[in-house]
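Below is one structure, written out as structure tokens, with a few remarks after it.
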Amino acid sequence: MRSDARLVGLVLMILTAFVGSCSTRGTVSIPSFGDRSIIAGAPRPAPAGLKWLSGVYDGSTARFGTDPVIHGTRDSLSVFTSTKVTYAITTPGCIEGGTRLVFEGYWRQSPAAPTGLIRLELFPREVAKAVCSGTPPQLEAAGTVRLEGATGADDELPGEAMSVVMRRQTPPVTRGFTIVAHHGACRTIDECGLSENSLESIRAVESFGASVVEVDVRVTRDGVPVLFHDATMGPRLVNGPYCHGSVADLPLEHLRANCTLEYGERLPTLDEALATALDDTELTAVWLDAKVPEAVEPTLAVMAKYRALASAKGRSLTLILGLAATEMLDAYRSLPAEQKGECIVELETSDVIDAGCRAWAPRWTRGPMKEEVARMQAGGINVYFWTLDEVEFIDLFVQEAHPNGILTDRAGLVLHRFHTLYAPNGTWP
Amino acid sequence: MRASAALVALAMVATASLASADDTSMPEVATPPARALLFYPESPRAYDWRVGAGLLVDVLPTRVVESEQRQIPQVTGVFRLGLPAHFATDLRARAILIQNSIELGVSWSARVHALSFAFQNHLGPWFGFVGLEGFDTSAWGLVETPGVSIGLPWREVRFSLAGEAIITFAQHTTLGDATRTSRQGATFSGTVTTLTVETLLESGGVPYFGAGILWTQPDYQAWLAFSDERARVIYPRFVAGYAF
Amino acid sequence: MRALTAVGLLVLATLVPATSFGAEPPKRALEVDAFGGILRRGNLTVPDDVSTRNGGLALALAVHYRSRYFLSPFLEAAYYSLAASDRVVDLGLGSGRSYVLNSSWAFGFTGGAALDIWRVRLRVGVGAYDLFVRTVTLGARSTVSELDFGYVASASVYPLVRDRFRVGFEARVGLVVEAQTGFIALGATLGGDAISF
Chain A
122 MRSDARLVGL
132 VLMILTAFVG
142 SCSTRGTVSI
152 PSFGDRSIIA
162 GAPRPAPAGL
172 KWLSGVYDGS
182 TARFGTDPVI
192 HGTRDSLSVF
202 TSTKVTYAIT
212 TPGCIEGGTR
222 LVFEGYWRQS
232 PAAPTGLIRL
242 ELFPREVAKA
252 VCSGTPPQLE
262 AAGTVRLEGA
272 TGADDELPGE
282 AMSVVMRRQT
292 PPVTRGFTIV
302 AHHGACRTID
312 ECGLSENSLE
322 SIRAVESFGA
332 SVVEVDVRVT
342 RDGVPVLFHD
352 ATMGPRLVNG
362 PYCHGSVADL
372 PLEHLRANCT
382 LEYGERLPTL
392 DEALATALDD
402 TELTAVWLDA
412 KVPEAVEPTL
422 AVMAKYRALA
432 SAKGRSLTLI
442 LGLAATEMLD
452 AYRSLPAEQK
462 GECIVELETS
472 DVIDAGCRAW
482 APRWTRGPMK
492 EEVARMQAGG
502 INVYFWTLDE
512 VEFIDLFVQE
522 AHPNGILTDR
532 AGLVLHRFHT
542 LYAPNGTWP
Chain B
479 MRASAALVAL
489 AMVATASLAS
499 ADDTSMPEVA
509 TPPARALLFY
519 PESPRAYDWR
529 VGAGLLVDVL
539 PTRVVESEQR
549 QIPQVTGVFR
559 LGLPAHFATD
569 LRARAILIQN
579 SIELGVSWSA
589 RVHALSFAFQ
599 NHLGPWFGFV
609 GLEGFDTSAW
619 GLVETPGVSI
629 GLPWREVRFS
639 LAGEAIITFA
649 QHTTLGDATR
659 TSRQGATFSG
669 TVTTLTVETL
679 LESGGVPYFG
689 AGILWTQPDY
699 QAWLAFSDER
709 ARVIYPRFVA
719 GYAF
Chain C
493 MRALTAVGLL
503 VLATLVPATS
513 FGAEPPKRAL
523 EVDAFGGILR
533 RGNLTVPDDV
543 STRNGGLALA
553 LAVHYRSRYF
563 LSPFLEAAYY
573 SLAASDRVVD
583 LGLGSGRSYV
593 LNSSWAFGFT
603 GGAALDIWRV
613 RLRVGVGAYD
623 LFVRTVTLGA
633 RSTVSELDFG
643 YVASASVYPL
653 VRDRFRVGFE
663 ARVGLVVEAQ
673 TGFIALGATL
683 GGDAISF
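Protein chains in written order, with my numbering: chain A, 122 to 550; chain B, 479 to 722; chain C, 493 to 689.
Next comes the structure, spelled out in structure tokens:
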């Protein structure tokens, strides 16, 4: 009996540990220079200058391999590599009267693995001065432009030297091949500090290497289209002690009252998301994936509004409705022609043609389907595979099927592969 | 919450210990089963065998499968045969179409007083198929699970606590007409720890149930989740069945 | 503090002399048990709250099948009052901060196994929780529910046993996995053999 009791106690202790260990959420750590920054408050160079720095570079770096890709956007400079999916996001600052251009930020090995600070400076100084003054220098960048600096671990100041020289300039947006960011700049599992389907994530998409963003649309009980992926609220995506149920069960004010996204952001409406894409980014397109048939019509209405707004502002922003299942396709087909818009279908090729859509998005689990892709492209229909994240499979699909683009959670990785492997001379396909 | 749960468990231990303090009955000697057991570490008598069937459910964390189904149930079958010199061999199979495996194992056991110990190793292929809308996919690979187990008898019940490492070899994935082989060589993918309870009925049958904790890379278990995350996640396993 | 009180009650309960049994307990029986107690949630953080009630009433009704074998399987239906809050929140709709009333409760349907040692019963079960949330704000009311996987574990001590009936104290722990909601409940339990054979 005594041994029986002790045995029971041991079993229950194990069960207690078992119950307590079910939570698997990690914590995010984004290192920051804080008051150690040397560019705090410094003016930023014009967007054209940062984009001019985009290219494939050569050099010796512990973290970014020997051929990192530098990607300039209107307000950031990113570093991408295929080596352990490492990336860096930096912000620029022109100091010492605009004679020095310094970049500070963080690097990270995705997903949610080692991270640290990075500081880079642009050389030669004449180039830095020209970029800071607002006009890209009129000289051959390849072989001239140099970035020197260091990386560090966690919050330690950078001390591991790195130096890279531009081998070849690249356009800020890939030509003929579109990299679409899945759910936003990064996904929940990557813990990059930005929630999926948030306004903050949409603003960061270009820094992460993509030129198009894909977001998920559902409809609240009172008919407002909002961005949210899952069928029900859950700790994977949202926080709040009263955040339960599904989007369709709640009016917008109750969703907002009870739920915040993983990193505290507000759950955005589709209207807010497209306003952000239009006013705060230079994205070329937004792919709106309707998750339920009820979302099709209201999404098209908001798309029409922002198509007109973009046109009025002289901004090129393509809005495309994603139809992932038969129910959504049927809902789209049932609408009159004047209510329809650009669409991309994830089902069979015949569905794409029947619906009059311009793009096909097959799931990657169907294989590269080289002949079918070529047939669709010959008929003027673009093809985008989803969702490809592993290097081996990205290489396989891009090099075998030559799609018009891919939907990925690893935009920076794909950008690096594109410039160094798929189109090493700058031409695609 | 964890502190409260731990406190409750401590209270139970304290209570149970107090309950036994004035109990003067002698511990009952566990009657050996008439035939082999499926999971208990002590090897069955030479050439004694038993077969069982059941269900196994792994509940995957949503951070891996996102909004897809978390519970992956599998039908299971186990056959165990005793061998001379405290050895035993067993064959365990699981099936659910998208995730199937067959493993052949061998074990050697020893007994110390009431406790039994065993060292075991299983090796076999796993394979999965999906041909639904949006899928034309199959994959296969090899998996090895070396481990140890400890067993305790109590009246007609046998407790078995087994800890196994999961070693995976190359994963061969076919997508449409393309095939890719990833992760060549042996990879430590994680561990699985399972507590199984077998009850010897008067009729001779042995119902069993248990629970386990897996700590594995997501793509070991759910190759269809296509997660490229290499970090290991923790999730539970439940088993139940009947040995004939 | 409440947990320490639970430990103290459990220890004291074991020291109470058992009342004399009647006839030899039946070999098999279907037992019905009722539980009533007070519940408290773990890790309840409510942002922007004016007031919050953590937990409330916990009620459960279970059926156990007792036999000569080691464990007794059981099925249980339970009600748990989880929380209620008054909050003032900016909804981002241009109407400034708004008053929000929330309450949540759950119905649990679990099954598992119980172990009886002398006057102590230990139980572990898995099953489903139907979790409800009511929200009232800006004149609109909504009630949503979701079905989630969960666990329950409990320890009961019966200082009073008479023939087929027993009365005691119980501490239970529950976890609604998907909702990451855990709770502990303490209360009284009353059980009896409905059918014996």
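We put the beta carbon where it would ideally sit given N, CA and C, even for glycine.
- Residues 190, 201, 202 and 203 of the same chain have their beta carbon placed closer than 7 Å to that of residue 537/A, with the five preceding and five following residues left out of the count.
- As the crow flies, the alpha-carbon of residue 556/C is around 10 Å from that of residue 686/C.
- The shortest C-alpha to C-alpha distance from residue 487/A to any of 562/B, 591/B, 558/B and 614/B is the one to 614/B.
- The straight-line gap separating the alpha-carbon atoms of residue 581/B and residue 505/A is approximately 39 Å.
- Taken through DSSP and simplified to helix, strand or coil, residue 542/A comes out as helix.
- At a cut-off of 9 Å between C-beta atoms, residue 613/B counts as an interface residue with respect to chain A.
- Taking a beta-carbon distance threshold of 9 Å, residue 658/B counts as an interface residue toward chain A.
- Closest by C-alpha distance to residue 469/A, out of 260/A, 446/A and 457/A, is 446/A.
- Taking C-beta atoms under 8 Å as the contact rule, residue 544/C and residue 596/C fail to qualify, at a distance of about 11 Å.
- Here the segment 291-307 of chain A does not lie against the segment 363-379 of chain A, with fewer than 3 beta-carbon pairs under 8 Å apart.
- Inter-residue distance for residue 575/B and residue 651/B is about 15 Å (C-alpha atoms, whole angstroms).
- Residue 375/A belongs to the set of residues whose beta carbon lies under 9 Å from a beta carbon in chain C.
- Contact with chain C is found for residue 633/B, since one of that chain's Cβ atoms lies less than 9 Å from the residue's Cβ.
- About 37 Å separates the CB atoms of residue 471/A and residue 293/A; that is not less than 8 Å, and the two are not in contact.
- Collapsing the DSSP output to three states places residue 464/A in a strand.
- In this chain, the alpha helix (DSSP H) harbouring residue 453/A covers 447-454.
- No Cβ of chain C is located within less than 9 Å of the beta carbon of residue 598/B.
- Under the three-state reduction of DSSP output, residue 523/C falls in the strand class.
- Looking at the backbone, the Cα of residue 420/A and that of residue 532/A are separated by about 25 Å.
- A residue is called buried when at least 16 other Cβ atoms come within 10 angstroms of its Cβ; residue 514/A meets this threshold and is buried.
- Looking at the DSSP output, residue 346/A bridges to 340/A.
- At a C-beta separation below 7 Å, residue 514/A has these neighbours in chain B: 658.
- For residue 410/A, the enclosing beta strand (DSSP E) starts and ends at 406-411.
- Beta-bridge partners assigned by DSSP to residue 431/A: none are found.
- The C-beta distance from residue 243/A to residue 234/A rounds to 28 Å, too long to meet the 8 Å contact threshold.
- Residue-level contact by beta carbon fails for residue 339/A and chain C, as no gap is shorter than 9 Å.
- Apart from the 5 residues on each side of it in sequence, residue 523/A sits with its Cβ closer than 6 Å to the Cβ of 550 in its chain, given in chain order.
- Between the beta-carbon of residue 467/A and that of residue 483/A there is about 7 Å, and that keeps the pair under the 8 Å contact cut.
- Within chain A, the C-beta atoms nearer than 7 Å to that of residue 540/B come from 355 and 357, in chain order.
- Neighbours of residue 671/C across chain A, judged by C-beta separation under 8 Å: 355, 356 and 365.
- Boundaries cannot be given for residue 485/A, as no alpha helix (DSSP H) includes it and DSSP labels it neither H nor E.
- Under the 10 Å beta carbon count, residue 261/A is surrounded by fewer than 16 other beta carbons and is classified as exposed.
- For residue 521/C and residue 689/C, the gap between their C-alpha atoms comes out near 6 Å.
- Shortest Cα-Cα distance from residue 310/A to any of 539/A, 535/A and 530/A involves 530/A.
- A contact is defined here as three or more CB-CB pairs under 8 Å, and the segment 658-671 of chain B fails this definition with respect to the segment 489-505 of chain A.
- Secondary structure of residue 354/A (DSSP, three-state): coil.
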